[in-house]
Amino acid sequence: MDIKVLFFDLDGTALQRDQVFISFRNMQALREAMKKGIHCIPCTGRSADMFPPQIEADMGFRYWVSASGCRIIDRLTGEVIYKGECFTPEEAAEICRMYEGQQIYSEIAAEGKLYFEKEVTDALHRYPVPPHHVWYLLTERPISVDGKLSDFFLKNSLTVEKFNLYGVPEEKQGPFMKRLESMGFVNFLDGTPKDMQFTSARLDKVKAVQALLDHLGVTFDNVMSIGDSLNMDGCIIKRSRIGIAMGNAPKALKDIAYDVTDDYDKDGLAKAIEKYLL
């Protein structure tokens with residue numbers, strides 16, 4: 000099998016339990032694969048601004064598929080190779096009006112950056128910040144919006160890649176879910192009514208990855224992919240020449256995978272790379 004590209008997920012796949020760092024064995028396996036000329040490409044739901052430090056520090060990871068295919072970048076040239084169907088500024092504003100000013104912690108990914116309500120970032124100790132996001136919020140990267148989020152995205156004509164809402168109060172969970180479902184342009188990712196993650200329903204991750212493969216001059220027959228989520232990784236794993244499900248993946252993903260490796264916290268990523276690529 001002539002594998003030239005390895006797509007790997009981050010959370011639940013490459014990262015350790017802390018969801019910040021990659022184990023030494025996983026990093027070693029990725030670097031050995033790169034030495035063999037294989038493009039090792041993170042393919043994740045995360046915004047580019049929240050990629051883990053080890054990935055960001057190593058330019059060997061030249062290409063990034065971020066926000067579930069909303070944005071594919073070439074870090075060497077700075078080129079945005081592909082931009083997917085994001086929420087329009089008007090759609091983003093409609094979503095923001097649903098919860099803005101209600102003291103709800105949210106992260107809004109747009110153009111590779113993360114935006115927050117200023118009243119939230121001014122008092123983060125009061126909010127349910129995910130533990131693995133603390134490192135990011137301690138950097139100078141988060142962009143605090145003073146005023147209404149809806150007005151901000153409309154005024155600046157920003158398209159939005161993804162919304163994360165954490166710690167939604169129980170009494171608001173049902174109404175929020177119904178409101179979002181009624182909009183007709185929201186696609187829910189892995190999450191719960193309490194901790195919501197959603198992208199544009201028009202987003203096509205396969206189309207995004209195909210654009211990158213075309214750019215590299217290869218096909219899915221030259222791809223090995225690894226992940227743990229049926230909703231977020233399944234479409235790529237199913238099409239890859241070698242699609243690997245993590246041991247911690249749901250049965251539905253394992254059923255469509257070429258093979259199943261060990262759990263994410265037992266270096267399952269490295270074990271799959273060592274088995275098929277090294």
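Going by numbering that gives the first Met the number 0, the first residue of the sequence shown is number 0, and it counts up by one from there. Think of the CB as a built atom: it goes at the ideal place given N, C-alpha and C, for glycine as much as any other residue. Quick caveat: nothing in here was measured; it's all calculated off a predicted structure.
Go to residue i, then tell me how far its alpha helix (DSSP H) extends in each direction, as first and last residue.
i, result
"residue 215", "204-215"
"residue 133", "133-136"
"residue 289", "Nothing about residue 289 can be reported from this structure: the residues present for the chain run from 0 to 277 only."
"residue 50", "From DSSP, residue 50 is part of no alpha helix (DSSP H); its letter is neither H nor E."
"residue 253", "250-255"
"residue 2", "Here residue 2 belongs to no alpha helix (DSSP H), and DSSP marks it neither H nor E."
"residue 82", "Note, residue 82: premise wrong, no alpha helix (DSSP H); beta strand (DSSP E) at 79-82."
"residue 230", "229-238"
Here's a check: name, in chain order, each residue in its chain whose Cβ is nearer than 6 Å to the Cβ of residue i, leaving out the five neighbours to either side.
i, result
"residue 251", "229"
"residue 15", "22"
"residue 61", "74, 75"
"residue 156", "88"
"residue 174", "none"
"residue 114", "107, 142, 144"
"residue 53", "21"
"residue 147", "99"
Could you pull the start and end residues of the beta strand (DSSP E) that residue i belongs to?
i, result
"residue 116", "112-116"
"residue 98", "Not the beta strand (DSSP E): residue 98 falls in the alpha helix (DSSP H), residues 88-98."
"residue 108", "104-109"
"residue 41", "38-41"
"residue 163", "161-165"
"residue 223", "222-226"
"residue 30", "That residue, residue 30, is in no beta strand (DSSP E); its alpha helix (DSSP H) goes 23-34."
"residue 195", "195-199"
"residue 70", "70-73"
Taking the alpha-carbon positions, what's the residue i to residue j distance?
i, j, result
"residue 194", "residue 129", "10 Å"
"residue 27", "residue 269", "8 Å"
"residue 102", "residue 51", "27 Å"
"residue 154", "residue 200", "23 Å"
"residue 311", "residue 151", "With the chain covering 0 to 277 only, the question about residue 311 has no answer from this structure."
"residue 30", "residue 124", "38 Å"
"residue 212", "residue 48", "23 Å"
"residue 78", "residue 254", "37 Å"
"residue 39", "residue 207", "16 Å"
"residue 127", "residue 25", "30 Å"
"residue 63", "residue 176", "31 Å"
"residue 330", "residue 140", "Residue 330 lies beyond the range of the chain shown here (0 to 277); nothing can be said about it."
"residue 56", "residue 225", "22 Å"
"residue 215", "residue 170", "48 Å"
"residue 242", "residue 7", "10 Å"
"residue 112", "residue 249", "31 Å"
"residue 266", "residue 32", "15 Å"
"residue 93", "residue 37", "42 Å"
For my contact list, residue i and residue j are in at a C-beta cut-off of 8 Å; report their separation, rounded to the angstrom.
i, j, result
"residue 46", "residue 117", "That pair is no contact at about 19 Å."
"residue 143", "residue 120", "5 Å"
"residue 235", "residue 259", "At roughly 16 Å, the Cβ-Cβ gap does not stay under 8 Å, so residue 235 and residue 259 are not in contact."
"residue 210", "residue 2", "Actually they do not touch by this definition, with Cβ atoms about 19 Å apart."
"residue 5", "residue 223", "5 Å"
"residue 180", "residue 149", "Their Cβ separation, rounded to whole angstroms, is 19 Å, which puts residue 180 and residue 149 out of contact at 8 Å."
"residue 35", "residue 276", "7 Å"
"residue 240", "residue 0", "6 Å"
Give every residue of the same chain whose Cβ lies closer than 7 Å to the Cβ of residue i, excluding the five residues on either side of it in the sequence, and list them in chain order.
i, result
"residue 247", "11, 227, 262, 263"
"residue 134", "19"
"residue 273", "28"
"residue 189", "196, 228, 230, 231"
Is residue i near the ligand PLP, going by C-beta to nearest heavy atom under 7 Å?
i, result
"residue 135", "The model on display carries no ligand, and the ligand PLP is accordingly not part of it."
So, for residue i: in the same chain, excluding its five sequence neighbours on each side, which residues have a beta-carbon less than 8 Å away from its beta-carbon?
i, result
"residue 178", "97"
"residue 17", "130, 131"
"residue 136", "120, 123, 128"
Notebook entry, point to check: Should the region 102-121 be called in touch with the region 64-72, which here means at least 3 C-beta pairs below 8 Å?
Noted result: Verdict: yes, contact present.
Notebook entry, point to check: Does the region 147-165 touch the region 181-198, meaning 3 or more C-beta pairs lie closer than 8 Å?
Noted result: Between the region 181-198 and the region 147-165 there are three or more inter-stretch CB-CB distances shorter than 8 Å, so the stretches are counted as touching.
Check: Are the region 169-186 and the region 81-98 touching, with three or more C-beta to C-beta distances below 8 Å?
Finding: yes
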